[in-house]
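To keep things clear, I will list the structure first and then write my remarks on it.
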Ligand code: BG6
């Protein structure tokens, strides 16, 4: 093992994602001694920069998880000394060839493994992959490429992108990242379900009334309006992050924990789903709002967004899986920007206990009496189960209580960032948390007809004030399926 090297090239090194996520994640892995003995990190971008300038830029974003560790600055220094910069065009074979020469010098004749992280806009993906694979791929080890979404805007553009990538790479060299799959509680989902007898047998239409996948952010698209306007919340969050969670949640028991077994099951779920219908969708867009003397800008107040944009910044949808396990169970998704709070969670609402002896003690509102399992992905990770309980005392009154696994209280170790896990997996060749091309095709097939319809019919979003709970239409949608959004209490 000592005889091999891993060279990690961050293509688009001066971008936001590289600075905020990729370099810090690499450092965290180094800090935890998870990176191979011989590794080197290269920043590649168009702008001119020296190694010292790159190191300076990167150093500003590095933090040590546990601040008091004495060797932190020493470790940072060691990490930064392994970072190099190469300036080049994304479509230049020559520039990638120069990078190859640099990498070879550091490899010093060891077995060469190369990881390219494409943190660049999608319109230059293929060029960069072509140049990296023709000019700078490994000749005696592996070459892998991590690609970030957006993977196209619809089925056709996604298929074109896949065709383009596959001209230069095999499917098993392509690591399509969906960082939600790297989040601790999403990773834990299968453990929770498949290793707990109190949950596994209940995981079906027989006991589950509905499942809710909720994503909300308390900030708008400021600074990203140009990108966002071309995609909207359905493509930005639902088609990937929420749908991936849904597939993991709803899949049949995989044959093993191997990547192919898990992805085979996920793709079956996606292919069993009904494409989303307009009648099962509510779209919204946030408007400016003044609160406490501060005016928060509306979506179209952003200079990079057209004034008449109809792009949704909020969407709520009801989806269905037409298989034996989930027939008739609504999977409700809700995703929005500029809402009142930041959170991502899964809510599982169970059915009523048949003939519940105690219904009359709770009152007539049966909704209050069902169990609810909440998997809080972020912030403040937790898993809690709402149960009915007798209020202590001489009378017989019931109320709802919560059995709570609060991660911060239970575990003292800090939770790694999703990018750390995913980068480590890519280096290890573990594909379980990356999206296979057939999964991607199935995911687009669910949303593409509707996305086209929305654009063709110029559907006007329901406006909601910045910082609110989103459009009221989301409640009506849930009510149609006899559901109440769990996050609203
Ligand atoms: C990204 C989206 O994929 O996920 C962003 O493009 C969104 O719009 C982000 O803000 C949310 O990620 P996280 O990990 O901060 O919840």
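Residue numbers (full-length UniProt numbering): 99 to 587. For every residue, glycine included, the Cβ atom is placed at its ideal position computed from N, Cα and C.
- A straight-line Cα-Cα distance of about 36 Å links residue 452 and residue 506.
- In the same chain as residue 350, and ignoring 5 residues on each side of it, the C-beta atoms closer than 6 Å to its own belong to 363, in chain order.
- The three-state secondary structure of residue 579, taken from DSSP, is coil.
- Taken from the Cβ of residue 328, every heavy atom of the ligand BG6 lies 8 Å or farther away.
- In this structure, residue 408 places its C-beta atom within 9 Å of the C-beta atom of residue 556.
- If you check the CB distance, residue 481 and residue 474 come in under 9 Å.
- Straight across, the Cα-Cα distance linking residue 148 with residue 193 is about 16 Å.
- When distances are taken from the beta-carbon of residue 432 to the heavy atoms of the ligand BG6, even the shortest one reaches 8 Å or more.
- For the 9 Å CB-CB criterion, residue 568 and residue 574 do not form a contact.
- For the 9 Å CB-CB criterion, residue 522 and residue 127 form a contact.
- Here the segment 538 to 554 does not lie against the segment 301 to 312, with fewer than 3 beta-carbon pairs under 8 Å apart.
- For residue 336, the number of other beta carbons within 10 angstroms of its own is at least 16, and it is reported as buried.
- When the Cα atoms are used, residue 310 and residue 112 turn out to be separated by approximately 37 Å.
- Annotation: the continuous beta strand (DSSP E) that includes residue 209 extends over 209 to 216.
- In this model, residue 247 and residue 296 are separated by some 36 Å (Cα to Cα).
- Taking 8 Å as the cut-off, one finds at least one heavy atom of the ligand BG6 near enough to the beta carbon of residue 315.
- The alpha-carbon separation between residue 124 and residue 312 amounts to approximately 29 Å.
- Between the segment 351 to 359 and the segment 404 to 421, the count of C-beta pairs closer than 8 Å stays below three; the two stretches do not touch.
- In the DSSP annotation of this structure, residue 564 is not part of any alpha helix (DSSP H), being labelled neither H nor E.
- Under the DSSP assignment, residue 586 falls outside any alpha helix (DSSP H); it carries neither an H nor an E label.
- Annotated three-state conformation of residue 310 is strand, per DSSP.
- When the five nearest sequence neighbours on each side are left out, the beta carbons in the same chain lying within less than 8 Å of the beta carbon of residue 109 are those of 142, 143, 188, 214, 215, 216, 217, 218, 226, 230, in order along the chain.
- Residue 281 has its Cβ nearer than 8 Å to a heavy atom of the ligand BG6.
- Its Cα nearest to that of residue 531, the residue 272 stands out among 386, 484, 272, 548.
- Residues of the same chain with a CB within less than 6 Å of the CB of residue 369, apart from the 5 flanking positions on each side, are 540 in chain order.
- Apart from sequence neighbours up to five positions away, the residues of its chain that approach residue 236 with a beta-carbon distance below 7 Å are 210, 211, 212, ordered along the chain.
- For residue 584, the closest of 477, 222, 446 by C-alpha to C-alpha distance is 446.
- Taking every protein chain shown into account, the CB of residue 493 has fewer than 16 other CB atoms within 10 angstroms, so this residue is exposed.
- Nearest in C-alpha terms to residue 344, of all of 328, 386, 288, is 288.
- Residue nearest to residue 384 within the set 161, 570, 134 is 570 (criterion: CA-CA distance).
- Inclusion of residue 283 and residue 476 in the CB contact set at 9 Å is warranted, their separation being smaller than that value.
- In this structure, residue 435 has its beta carbon less than 8 Å from a heavy atom of the ligand BG6.
- Among the bridge pairs identified by DSSP, residue 185 is matched with 143.
- Under DSSP, the beta-bridge partners assigned to residue 471 are 446, 483.
- A residue is called buried once 16 or more other Cβ atoms fall within 10 Å of its Cβ, and residue 342 is buried on that count.
- Comparing alpha carbon positions, the residue from 262, 201, 208 closest to residue 233 is 201.
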